[in-house]
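Let me begin by presenting the structure, written as structure tokens, before commenting on it.
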Amino acid sequence: NISKAYNNIGIVYKSQQNSKKALEYFKKAYNIQEEIGEQAAAVSMMNIGVIYFEAGDNAEAFNWYQKAAKRFETSDNTRGFALLKNYLGDYYKKQNDFAQARKYYEQSAELYESMQNKFGAALALYNIGQLLFDSKQYNDAIGFGEKSLEYAKSIGVLDQEFHSEKLLSDIYAALNRPSESLMHYKNYVAARDSINSQEMSRKFAIAEMNSEYEKKEAILAEKSKRQTQFTIFAFLGAALAIALILLAYSRRTVKRRLTLQKEVAEYEQKALHLQMNPHFVFNCLSSISSFIVQNGTDQALKYLSKFSKLMRLTLEYSKDSLIPIDKEIESLQNYLELEQLRFHNKFKFNIQASDKVEFNMGLPPLLIQPFVENAILHGVVPKEENGKIEIYFDVENHQLVCTITDNGIGLSQSKQLKANSVTAHKSMALEITKKRLEIMESTTSKSAHIDIADREETEREPGTKVTLRLPIQYIQ
14 NISKAYNNIG IVYKSQQNSK KALEYFKKAY NIQEEIGEQA AAVSMMNIGV IYFEAGDNAE
74 AFNWYQKAAK RFETSDNTRG FALLKNYLGD YYKKQNDFAQ ARKYYEQSAE LYESMQNKFG
134 AALALYNIGQ LLFDSKQYND AIGFGEKSLE YAKSIGVLDQ EFHSEKLLSD IYAALNRPSE
194 SLMHYKNYVA ARDSINSQEM SRKFAIAEMN SEYEKKEAIL AEKSKRQTQF TIFAFLGAAL
254 AIALILLAYS RRTVKRRLTL QKEVAEYEQK ALHLQMNPHF VFNCLSSISS FIVQNGTDQA
314 LKYLSKFSKL MRLTLEYSKD SLIPIDKEIE SLQNYLELEQ LRFHNKFKFN IQASDKVEFN
374 MGLPPLLIQP FVENAILHGV VPKEENGKIE IYFDVENHQL VCTITDNGIG LSQSKQLKAN
434 SVTAHKSMAL EITKKRLEIM ESTTSKSAHI DIADREETER EPGTKVTLRL PIQYIQ
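Sequential numbering of the sequence shown, starting at 14, is according to this note's numbering.
As structure tokens, this is what we get:
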């Protein structure tokens, strides 16, 4: 819906350090949510409070945090409440009220751990450890730092590993335990170097997107200027031709509007694709980091070789709107083999295409991968036995159909295990995919949609089935 779209736009602006625009869109989302009585208004209140807090307006930030807390108390959004309590801990720490800060950090950690959300718990525990370090309670701080690092490593969150390793290095240095301090400092430096590499990839993608946008704006400005000049000259014509000129102008305006709408839609499609690239690369690099820590050098080299093949394909088609079916299959094959290595052959997979599929058919790059990733992480990996993932391409009713089927734990159990996300962490890839499908429908004037079903409900079989139905498009 529109309020959710505004909230996501605000999140994007916030990630780009554009606080003014982020606040504008968060408030737009909040106003709509208040008008229609949405529970999600609590999330928007919290986001508004964060913007004010980061701008140094602590009083206004606290005001919005209090409003959000009242809403969260009557909602079932546990993860949102946990995140708010962490922000309240930050607020009280800034006020030098360490007792209150610790209380809220501990409440945040307790809520996250009750949901088995190691991502949030790692952050809250780190904040407690940092608070104790600042209070010179070094021995007490160790346990929180170690637990935060344990959680971060278990889920491969490199950014949190970076902070937790630095905290532990500082604690052991303060306790005059140089060997332990040096060990954690080396780990901190390694994590920092990995993060810097990821940040360079992200900045490159953003710079490329901004360059494309500026070129498009220049072209549109030039078109607008010429159109204005033409209109002025047209109206200087004879009075007898006014009616014909107005009619011609009206037709040109309609055509131009449709053309601009198509260009904007195509640009939005590319912008969303560029968003997916750093997201996908980040996930892969996190997997590599986790794999190298857990496995020997020979296995790591084998893993990196497969990763390089996958990155070559990804970068080769990163600027294209479509990727050939055979290349998509090759890319998925490489990705699944990587994850097999990472999870010690926890699952098998099979990729097939029917005879009706022509290999000069194309589909947008990185459209299917997020659902395969979900099938692995939230389907077969949590399952006690080994799992299986099947990907099948077919043509039905003049549509390209791709199904991703797993025999994992299914939607119901998966929802119980993972967090009820509230920001960009909430199925970012799924939201981007839905937007890409909407734009595909707009530009092709053909149906494009996704269906996600619990196989237990439809087939009496365990697992999840994702069906993508796309317009048939050919690569020239």
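Ideal placement from N, C-alpha and C gives every residue a C-beta, glycine not left out.
Everything numeric in this text was worked out from a predicted model, so none of it was measured.
Three-way DSSP call (helix, strand, coil) for residue i in this model
i: H462; result: strand
i: P378; result: coil
i: D70; result: coil
i: T327; result: helix
i: E454; result: helix
i: L483; result: strand
i: F372; result: coil
i: L413; result: strand
i: V394; result: coil
i: Q365; result: strand
i: F360; result: strand
i: I24; result: helix
i: G400; result: strand
i: T244; result: helix
i: D339; result: helix
i: K478; result: strand
i: Y19; result: helix
i: T418; result: strand
i: D467; result: strand
i: N407; result: Per the sequence shown, the amino acid found at residue 407 is Asp instead of Asn. DSSP places D407 in strand when its eight states are reduced to three.
i: E472; result: coil
Residue i versus residue j - alpha carbon distance
i: A55; j: Q30; result: 22 Å
i: N140; j: Y118; result: 7 Å
i: L260; j: K238; result: 20 Å
i: F66; j: Q79; result: 13 Å
i: Q491; j: A165; result: Any answer about residue 491 is impossible in this case: the structure gives the chain only from 14 up to 489.
i: P383; j: G23; result: 23 Å
i: R265; j: D70; result: 50 Å
i: V479; j: D464; result: 6 Å
i: T477; j: F85; result: 31 Å
i: L379; j: L253; result: 57 Å
i: F217; j: I232; result: Caution applies to F217, whose pLDDT of 41 falls short of 50 and renders its modelled position unreliable; the value that the coordinates give is listed next. Spanning the two alpha carbons is a distance of roughly 23 Å.
i: L188; j: H176; result: 19 Å
i: N399; j: Y38; result: 45 Å
i: H411; j: Y43; result: 42 Å
i: A114; j: Y104; result: 7 Å
i: K340; j: T91; result: 42 Å
i: E221; j: A256; result: Because E221 carries a pLDDT of 47, less than 50, the predicted location of this residue cannot be relied on, and no value is offered for it.
i: Y19; j: H462; result: 22 Å
i: A466; j: C415; result: 14 Å
i: M128; j: L430; result: 7 Å
i: L317; j: M324; result: 10 Å
i: F146; j: L138; result: 12 Å
i: A154; j: S194; result: 14 Å
i: K359; j: D419; result: 13 Å
i: T457; j: E451; result: 10 Å
i: I64; j: L36; result: 7 Å
i: Y100; j: A203; result: 28 Å
CB-CB length for residue i against residue j, believed under 8 Å
i: S161; j: F111; result: That pair is no contact at about 18 Å.
i: Y201; j: N373; result: Going by Cβ atoms, the distance from Y201 to N373 rounds to 50 Å, so no, they are not a contact pair.
i: V370; j: V394; result: Rounded, the Cβ-Cβ distance is 29 Å, inconsistent with contact.
i: L413; j: L483; result: 5 Å
i: G142; j: L180; result: 6 Å
i: I402; j: I389; result: 7 Å
i: Y330; j: I338; result: 12 Å between Cβ atoms; not a contact.
Burial state of residue i, where buried means 16 or more other Cβ atoms lie within 10 Å
i: G156; result: exposed
i: E397; result: exposed
i: L351; result: buried
i: N152; result: exposed
i: S224; result: A caution first: S224 carries a pLDDT of 48, below 50, which makes its placement in the model too unreliable to give a value.
i: I445; result: buried
i: G133; result: buried
i: E386; result: buried
i: P377; result: buried
Which whole runs of the alpha helix (DSSP H) in the segment 108-165 are 4 residues long or more, in chain order? 111-127 and 131-147
Ignoring anything shorter than 4 residues, give me the alpha helix (DSSP H) runs that lie fully in the segment 166-196, in order along the chain. 171-187
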